[in-house]
Amino acid sequence: MKLVLSIVLLAFFSFSLNAQKKTTKPNIIFIFADDLGYGEVGCYGQQKIETPNIDKLAKNGMRFTQFYAGSTVCAPSRSSFLTGLHTGHTAVRGNISYEPEGQTPLPDSVITFANMLQQNGYATAAFGKWGLGYITTSGDPNKKGFDKFYGYNCQTLAHDYYPDHLWNNHERIDLSINLKYDSVYSADMIHHEAMNYIKQSSGKPFFLYLPYTLPHGDVIVPHDSLYNYYKQKFNDPPLTGKALKPLDHNMNPEPYPHAGFAAMVSRLDKYVGEIVKLVKEKGIADNTLIIFTSDNGPHKENGGDPEFFNSNGIYKGIKRDLYEGGIRVPFIAYWSGKIKPAVNNNAAALWDMYPSFLQLAGVKYKNKIDGISLVPSLLQTGKQKQHDYFYWEFHENNGRQAVHWGKWKGVRLAVNKKADSEIELYDLEKDPQEMNNIALQNAAIVRQIESFMKKAHHSNIDWPLLPAEIKQ
231 MKLVLSIVLL AFFSFSLNAQ KKTTKPNIIF IFADDLGYGE VGCYGQQKIE TPNIDKLAKN
291 GMRFTQFYAG STVCAPSRSS FLTGLHTGHT AVRGNISYEP EGQTPLPDSV ITFANMLQQN
351 GYATAAFGKW GLGYITTSGD PNKKGFDKFY GYNCQTLAHD YYPDHLWNNH ERIDLSINLK
411 YDSVYSADMI HHEAMNYIKQ SSGKPFFLYL PYTLPHGDVI VPHDSLYNYY KQKFNDPPLT
471 GKALKPLDHN MNPEPYPHAG FAAMVSRLDK YVGEIVKLVK EKGIADNTLI IFTSDNGPHK
531 ENGGDPEFFN SNGIYKGIKR DLYEGGIRVP FIAYWSGKIK PAVNNNAAAL WDMYPSFLQL
591 AGVKYKNKID GISLVPSLLQ TGKQKQHDYF YWEFHENNGR QAVHWGKWKG VRLAVNKKAD
651 SEIELYDLEK DPQEMNNIAL QNAAIVRQIE SFMKKAHHSN IDWPLLPAEI KQ
């Protein structure tokens, strides 16, 4: 009798454990490179920089060829990501610095998907660059859904990879030793803390947001074996004289910027490999979605050289442009046993992460967003809903707007000066490089693009775009 009872109990507990395993909410790790261009990793065509770990992630996961950033610069792209809204709707639409440090804070009214994950049983953490509000403001990362934040609060200060401080939630981490010596490389320190977070995670599912600063300018990297490898590989003459631009914190400027930049990208690749390895060693790979992407196109700032590296691939434009090179970015999704290796050519955008992550976590939401869940594509569970169109607006350089509608791409410049300035029109199927403006031959298409621009742009007193808004 005891033997029979034992067998029954064992079967019951086995069933319970299996049922629990099947309903476990997935961990989500979102690796967000900073100013990494579409063509700066091997699986997207890079020839000079080696990225074996990212390439392996793409080989074993789903690689998107037509994925778009939230914006063409940092803060609005991050705002779009966390709110599920494009830049015509999201709360932060540009890079504006505040005192004593930081950028425009997300307002109290904003509910991020991290808030919702947190409210539904997730442990949440962010390691890297925030840029959406100083501590204690309405945009404090602890108020926007993150139990833990470690890194730079301020985007401007994040140009310095040997800073005098970082933040651990509200605690200021003193790194004043960097004022005298290049002692603590911030990117390594942030990655180390992120790895510790994964190691210590247990029980609750977690959302780990990794807005790493690499390879954003300034081009600053330890002169280690990786740097020396590229220095020898490129065999460039050192920069001298005025070409050696001094940096704000008086460290030695980089004499071999090509080697330095390549080493930054390969360092990021090393981080990716270490994360994947740790997830596998911890035994959570079959319940962990890992995504790798970038916040916008490649930079040409303090050592960046997109022409040398062909950083935007075949595409026109870089950071601060709304042409494809400024907003089309790498996107790779890896989930062992769940996502089958594939190349996805459908158009998608950063604001699609909001509904995707909440659907995977089984969290319902009522707030209106612009994103569409990519779960049907990622898990191949049904027909993928498509966007009617994609919209961007940019508040620097006299204001810019862009719409991607099917095969058509419309770009409008200098909208600060003239709301109805001419729209450039490109056929992305025939002309992905956006070299041939065919607006004059397609007046009806241009009118439709213009109507989308008017519909998508919601006026915001903090972010005037059109002349009438600026006058107010």
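Numbering-wise (my numbering), the sequence shown opens with residue 231 and increments by one.
Glycine is no exception: its CB is placed at the ideal position from the N, C-alpha and C atoms.
Quick caveat, the model's predicted, so the values are computed rather than measured.
Tell me the rounded alpha-carbon separation between I521 and F260. Here the question's residue 521 lines up with position 291 in the sequence shown. Here the question's residue 260 lines up with position 30 in the sequence shown. Cα to Cα, I521 sits roughly 5 Å from F260.
Ends of the alpha helix (DSSP H) at Q631? Stepping through the sequence shown from its first residue, residue 631 is reached at position 401. Segment 630-635 is the beta strand (DSSP E) holding Q631; no alpha helix (DSSP H) there.
Roughly how many whole angstroms lie between the Cα atoms of A299 and M292? Translated into the one-based positions of the sequence shown, residue 299 becomes position 69. Translated into the one-based positions of the sequence shown, residue 292 becomes position 62. Roughly 17 Å between the two C-alpha positions.
Are the segment 368-375 and the segment 336-352 touching by the rule of at least three beta carbon pairs closer than 8 Å? yes
Per-residue burial, T523 [other beta carbons within 10 Å of its own, 16 or more giving buried]: Here residue 523 is taken as the residue at index 293 of the sequence shown, counted from 1. T523 is buried by the Cβ-count criterion.
Checking 9 Å against the spacing of the C-beta atoms, do G318 and W622 come in under that value? Here residue 318 corresponds to residue number 88 of the sequence shown, with the count starting at 1. Here residue 622 corresponds to residue number 392 of the sequence shown, with the count starting at 1. Cβ atoms of G318 and W622: closer than 9 Å.
Taking S524 as part of the beta strand (DSSP E), name the residues at either end of that continuous run. By 1-based counting over the sequence shown, the position of residue 524 is 294. Per DSSP, the continuous beta strand (DSSP E) segment holding S524 begins and ends at 518-524.
Find the nearest neighbour of I428 within the set Q663, K510, K570, judged by alpha-carbon distance. Within the sequence shown, numbered from 1, the residue matching residue 428 stands at position 198. If we check each option's Cα against that of I428, K510 comes out closest.
Opposite G381 in the DSSP bridges: which residues? The residue you call residue 381 lines up with position 151 of the sequence shown. DSSP, once it has assigned bridges, lists G358, W397 as partnering G381.
Assign P467 to one of three DSSP states: helix, strand, or coil. For the purposes of this step, residue 467 is taken as residue 237 along the sequence shown, with counting starting at 1. Residue state, collapsed to three classes: coil.
Supposed contact pair G361 and L336 - C-beta distance, whole angstroms, cut 8 Å: In the sequence shown, residue 336 corresponds to position 106, counting from 1. In the sequence shown, residue 361 corresponds to position 131, counting from 1. Not really, about 10 Å apart at Cβ, beyond 8 Å.
Looking only at its own chain, which residues have a Cβ that is under 8 Å from the Cβ of H687, when we skip the five neighbours before and after it? For the purposes of this step, residue 687 is taken as residue 457 along the sequence shown, with counting starting at 1. Excluding residues within five positions, the ones whose Cβ falls inside 8 Å are G318, Y621, E623, Q631, L695, L696.
If we count Cβ pairs, one from each stretch, closer than 8 Å, do we get three or more for the segment 633-650 versus the segment 321-339? With the cut-off at 8 Å, the segment 633-650 and the segment 321-339 do not touch.
Using beta-carbon positions only, say whether Q616 and I602 come within less than 9 Å of one another. Taking the first residue of the sequence shown as position 1, residue 616 is located at position 386. Taking the first residue of the sequence shown as position 1, residue 602 is located at position 372. Result yes, Cβ atoms of Q616 and I602 sit closer than 9 Å.
Can F297 and P571 be called in contact, C-beta distance under 9 Å? Your numbering for residue 297 matches position 67 in the sequence shown. Your numbering for residue 571 matches position 341 in the sequence shown. For F297 and P571, no; Cβs fall outside 9 Å.
Over what stretch of residues does the beta strand (DSSP E) that includes E623 continue unbroken? Sequence index remark: in the sequence shown, residue 623 carries index 393 (1-based). Per DSSP, E623 belongs to the beta strand (DSSP E) from 620-624.
Whole-angstrom distance between A353 and L655, CA atom to CA atom: Your numbering for residue 655 matches position 425 in the sequence shown. Your numbering for residue 353 matches position 123 in the sequence shown. Looking at the two C-alpha atoms, the distance is approximately 45 Å.
Excluding the five sequence neighbours on either side, which residues of its own chain have a C-beta within less than 6 Å of the C-beta of I557, listed in chain order? Here residue 557 is taken as the residue at index 327 of the sequence shown, counted from 1. Y298, A299, T302, listed in sequence order.
Going by DSSP, which residues form a beta bridge with L655? To locate residue 655, count along the sequence shown from 1; it is residue 425. L655 is bridged to G640.
Around the C-beta of M683, are 16 or more other C-beta atoms found within 10 angstroms, so that it is buried, or is it exposed? The residue given as residue 683 occupies position 453 in the sequence shown. Counting Cβ neighbours within 10 Å, M683 comes out buried, since at least 16 surround it.
Specify the secondary structure class of T386 as computed by DSSP and reduced to three states. As a working note, residue 386 is residue 156 in the sequence shown. Coil.
Hey, how far is the Cα of V641 from the Cα of P487? Start at 1 with the first residue of the sequence shown, and residue 641 comes out as number 411. Start at 1 with the first residue of the sequence shown, and residue 487 comes out as number 257. Distance between the alpha carbons of V641 and P487 is about 32 Å.
What is the DSSP secondary structure of Q333, reduced to helix, strand or coil? Residue 333 sits at position 103 when you count from the first residue of the sequence shown. Residue state, collapsed to three classes: strand.
For N257, which residues does DSSP report across the bridge? By one-based count along the sequence shown, residue 257 stands at place 27. BP columns for N257 point to T518.
Close Cβ partners of V449 (< 8 Å) along its chain, the five nearest in sequence each way excluded: Looking up residue 449 in the sequence shown gives position 219. Same-chain partners within the cutoff: E484, P487, G490, F491, M494, N532, G533, G534.
Beta-carbon spacing of I420, G447 below 9 Å: Along the sequence shown, read from residue 1 onward, the residue named residue 420 stands at position 190. Along the sequence shown, read from residue 1 onward, the residue named residue 447 stands at position 217. Not a contact, by the Cβ cut-off of 9 Å.
Determine the direct distance from the alpha carbon of E652 to that of R525, and round the result to whole angstroms. For this step, residue 525 is matched to residue 295 along the sequence shown. For this step, residue 652 is matched to residue 422 along the sequence shown. Correcting the residue identity first, residue 525 is Asp in this sequence and not Arg. When rounded, the distance between both Cα atoms is 28 Å.
Residue range of the alpha helix (DSSP H) that F539 falls in? Indexing the sequence shown from 1 puts residue 539 at position 309. 536-539 is the extent of the alpha helix (DSSP H) around F539.
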